[in-house]
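Going by my numbering, the sequence shown wraps up at 652, each residue one higher than the last. By construction, the Cβ of each residue, glycine as well, lies at the ideal position given by its N, Cα and C atoms. Only one structure is covered here, and it is reproduced in the block below.
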Amino acid sequence: MKRNIKYLITLFAASLTIASCNSDFLNTEPLGEISEAAVWTDPALAEAFVTGIYQGFGNGGFNEEMVASLTDEAIFTHPGRGLNTVTEARVNAADVGWNNAGNRTWNWQRLYSYIRRANLAISELSEPQFENDGGIVDRLLGEAKFMRAYYYHDLARYFGGVPLVDRPYELGEETYEVPRSSWEETINFILADLDDAAQLLEGKSMASGRTSELAALALKSRVLLYAASDLHDGPTATGNSTTLASFGDIGLLAYTGGNQTERWQKAQAAAKAVLDKASGNLYGLSEPVSHEEGIQNYINNSMARNGGEKEIILARYFINANQENGGRQGLYNGPNGYNNWAGNSPIQLLVDDYEMMDGTEFDWSNPAQAAAPYENRDARFYASILYDGAQWKPRSTANQPKDPLGQIQTGTYEVTDASGAKVPHFGLDTRNSSIEDWNGSYTGYYVRKFVDADPSIVDQNTWQEVPWPTIRYTEIVLNYVEASIELGQEDEARNWLNQIRYRVGQPAITDTGDDLVDAYRNERRIEMAYEEQRFHDVRRWMIAEETIGRQANIINITGTLKPGKTLSTYRYDTDLYNYVYKVQPIDPGKENRLWLDKMYFFPIHRDEINRNSVLIQNPGFE
Numbered sequence: 031m032k033r034n035i036k037y038l039i040t041l042f043a044a045s046l047t048i049a050s051c052n053s054d055f056l057n058t059e060p061l062g063e064i065s066e067a068a069v070w071t072d073p074a075l076a077e078a079f080v081t082g083i084y085q086g087f088g089n090g091g092f093n094e095e096m097v098a099s100l101t102d103e104a105i106f107t108h109p110g111r112g113l114n115t116v117t118e119a120r121v122n123a124a125d126v127g128w129n130n131a132g133n134r135t136w137n138w139q140r141l142y143s144y145i146r147r148a149n150l151a152i153s154e155l156s157e158p159q160f161e162n163d164g165g166i167v168d169r170l171l172g173e174a175k176f177m178r179a180y181y182y183h184d185l186a187r188y189f190g191g192v193p194l195v196d197r198p199y200e201l202g203e204e205t206y207e208v209p210r211s212s213w214e215e216t217i218n219f220i221l222a223d224l225d226d227a228a229q230l231l232e233g234k235s236m237a238s239g240r241t242s243e244l245a246a247l248a249l250k251s252r253v254l255l256y257a258a259s260d261l262h263d264g265p266t267a268t269g270n271s272t273t274l275a276s277f278g279d280i281g282l283l284a285y286t287g288g289n290q291t292e293r294w295q296k297a298q299a300a301a302k303a304v305l306d307k308a309s310g311n312l313y314g315l316s317e318p319v320s321h322e323e324g325i326q327n328y329i330n331n332s333m334a335r336n337g338g339e340k341e342i343i344l345a346r347y348f349i350n351a352n353q354e355n356g357g358r359q360g361l362y363n364g365p366n367g368y369n370n371w372a373g374n375s376p377i378q379l380l381v382d383d384y385e386m387m388d389g390t391e392f393d394w395s396n397p398a399q400a401a402a403p404y405e406n407r408d409a410r411f412y413a414s415i416l417y418d419g420a421q422w423k424p425r426s427t428a429n430q431p432k433d434p435l436g437q438i439q440t441g442t443y444e445v446t447d448a449s450g451a452k453v454p455h456f457g458l459d460t461r462n463s464s465i466e467d468w469n470g471s472y473t474g475y476y477v478r479k480f481v482d483a484d485p486s487i488v489d490q491n492t493w494q495e496v497p498w499p500t501i502r503y504t505e506i507v508l509n510y511v512e513a514s515i516e517l518g519q520e521d522e523a524r525n526w527l528n529q530i531r532y533r534v535g536q537p538a539i540t541d542t543g544d545d546l547v548d549a550y551r552n553e554r555r556i557e558m559a560y561e562e563q564r565f566h567d568v569r570r571w572m573i574a575e576e577t578i579g580r581q582a583n584i585i586n587i588t589g590t591l592k593p594g595k596t597l598s599t600y601r602y603d604t605d606l607y608n609y610v611y612k613v614q615p616i617d618p619g620k621e622n623r624l625w626l627d628k629m630y631f632f633p634i635h636r637d638e639i640n641r642n643s644v645l646i647q648n649p650g651f652e
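The following block contains the structure:
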């Protein structure tokens, strides 16, 4: 101990000697660091700061745990991540469940940290210290305002009205407590930022992954669509939910005045403004394309390739050289028989909602359809879901002898052994797989959408370059269709809805009234599957109990050899096998879904309540 003390004294003395030799010691700028003041005097440094605000996008929606698994699209395969806390309605102010602290979702603290960065940029760029050469000040200011609006929109669609902080707070403030603004005030604030952003970015050429005038207009369309919806119309919301009716501050969550029809008119106009400025991919068709073309068209749109890049209004891009987790969708969601993790596995509820090729609903009571449930379905099914017997990539060299054809195996099948006896073969992509039995899907399905089918991309150890579609053109088309239906303009709605269907080979919709509403909602469900739309849609429509409140279900598949047939190495073959498909609920011990109306808005974490005494908690969590 004495020796250590002596050593520290020696170091301290040496430090004094050094300091005495240089009287400017305390005034020296640290090497490798840039002062905050210097950032705003240099356009390149200012641009770097604004670029950093985009980090709040994280991996977009390409997380290991996806929002899809909070809905009737998917179930997350691996326990202990907090998703069940949400799907079983067990969230509370002390435990908000999975909220992906590393990315955005509804992580309050993280979103406000990026709002602060945006506020700092807006404050400094509003009185710039460098010239607006080439419109750089306008562009950076427009980007910062868009990003602030985006993060506030994320907060609003989970929490309702939130504290609106429009400047960077500093040390020594009189108070840091800010009350929640009303829903109307929150929406108006977001819209004002988006209008400013659109004006500032008008005519600017933007790099991929950065916002633009069109992105600002598109986000405005989404925000106004949400604002017009039933969940945010006070009389409708309180009339549909006793939980919301008992809340004394409904103005935090919905409009308490005004006219819902007028709000739908604004939503329609905002969507039309985007449609007038862009064209998306393959719109304007007068009849359906072939089924095969439809599959490829949807794959192209999902992958943003071969014309599908026209769909992108704003996206989070990934470069495989950077090895970002957003490029790992194949690993996260792919079959365990390919050494992947089966994360967000589609459930039967989603599969059943894909129409037949002729536009009729799939029906398990139809014997022909029940015997061959994966035949003659909407093209988007084949472009989105990996199902039993689907053709996929070659398996690894070590596993190819078990499956030379590269077919998905999610059932249990008879095969013949060396003696000619029939023995069970557990599919290579099941939880009884001989390759990996711990990562198999519980549901009998895997995600095809957003996964590159290139055989050279081995999902287990290769990153892919598929962008996350933060906002795409078809979302805005659907927004326009919905607003048109709400305004009674059914011909206009069907016109645009059928253009979406034609490019995937589906026939025209002719429905009217409530049937048209149902057809539209299913079209949005299928077209936007796995794109973080469903969780928000069913809540704003106030149909969550009958949709995402349903128990998740799975498919059980067995294949028995036909009389006189033999096969030693399994392959999908209807000439050799009789297949039986049985739908059953998932084991409630795995997940037991429940909807409670408190889930229409998420709880503000108690730590935030403790830090800000003027915050009002959301209904059901008081």
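Check                                                                                                                      : Outcome
Option in G373, E341, K628 and T81 with minimal Cα separation from G470                                                    : G373
Selection from T81, L527 and N289 that minimises the alpha carbon distance to R169                                         : T81
C-beta neighbour in chain B for P499, strict 8 Å                                                                           : The chain labelled as chain B is not found in the depicted structure, where only one protein chain is given.
Straight-line gap, I658 to Q159 (C-alpha atoms, nearest Å)                                                                 : Coverage of the chain is limited to positions 31 through 652, which leaves residue 658 absent and any answer about it impossible.
Residues of its chain near F189, where Cβ-Cβ distance is below 8 Å and the 5 sequence neighbours each way are ignored      : W136, W138, F631, F632, I634 and N648
DSSP beta-bridge partners of W498                                                                                          : R346
C-beta atoms of L261 and A246 nearer than 8 Å                                                                              : no
Continuous alpha helix (DSSP H) stretch holding S251: start and end                                                        : E243 to A258
Inter-residue Cα distance where the pair is W526 and V511                                                                  : 7 Å
Reduced DSSP category for N525 - H, G, I as helix; E, B as strand; rest coil                                               : helix
Residue of T599, A409 and Q439 minimising C-alpha distance to T473                                                         : Q439
Cβ contact (3+ pairs, closer than 8 Å) linking the segment 91-110 and the segment 562-580                                  : yes
Neighbourhood of I166 by C-beta distance below 6 Å, restricted to the same chain and skipping five residues each side      : P73
Cutoff 6 Å; reference E214; Cβ partners in own chain excluding five residues on either side                                : Y285
Bridge partners - K612, DSSP secondary structure assignment                                                                : N586
The segment 271-281 touching the segment 235-253, judged by at least three CB pairs closer than 8 Å                        : no
Beta carbon of G535 nearer than 8 Å to that of G324                                                                        : yes
C-beta atoms of G589 and E405 nearer than 8 Å                                                                              : no
Length at least 4, wholly inside the segment 129-191: the alpha helix (DSSP H) runs in chain order                         : 138-155 and 166-189
Range covered by the alpha helix (DSSP H) that runs through V304                                                           : Q290 to L305
Backbone secondary structure at A455 - three-state DSSP                                                                    : Before going further, note that residue 455 is His rather than Ala in the sequence given. H455: strand per DSSP, three-state reduction.
Spatial distance of A267 from S259 (CA atoms)                                                                              : 9 Å
Unbroken stretches of the beta strand (DSSP E), 3 residues or longer, contained in the segment 331-389                     : 342-346 and 374-376
Three-state secondary structure assigned by DSSP to N642                                                                   : coil
Pick from N462, R146, T291 and V481 that is closest to S514, judged by C-alpha positions                                   : T291
Separation of T442 from V453, as counted between CA atoms                                                                  : 10 Å
N-terminal and C-terminal residue of the alpha helix (DSSP H) that T286 is part of                                         : First-last for T286: undefined, no H or E at that position.
As assigned by DSSP and simplified to three states, the class of E561                                                      : coil
Where D263 falls: helix, strand or coil (DSSP)                                                                             : strand
According to DSSP, residues forming a beta bridge with Q536                                                                : Bridge partners of Q536: none, in fact.
I349 versus G436: straight-line alpha-carbon distance, rounded                                                             : 27 Å
Residue span of the alpha helix (DSSP H) that contains V445, given as start and end                                        : First-last for V445: T442 to T446, but that is the beta strand (DSSP E), not the alpha helix (DSSP H).
Chain-order list of residues whose beta-carbon lies under 6 Å from that of A227 (same chain, five-residue window excluded) : G172, K175, F176 and A246
Whether G7 touches V97 by CB criterion (8 Å)                                                                               : The question about residue 7 has no answer here: the residues shown for the chain are numbered 31 through 652.
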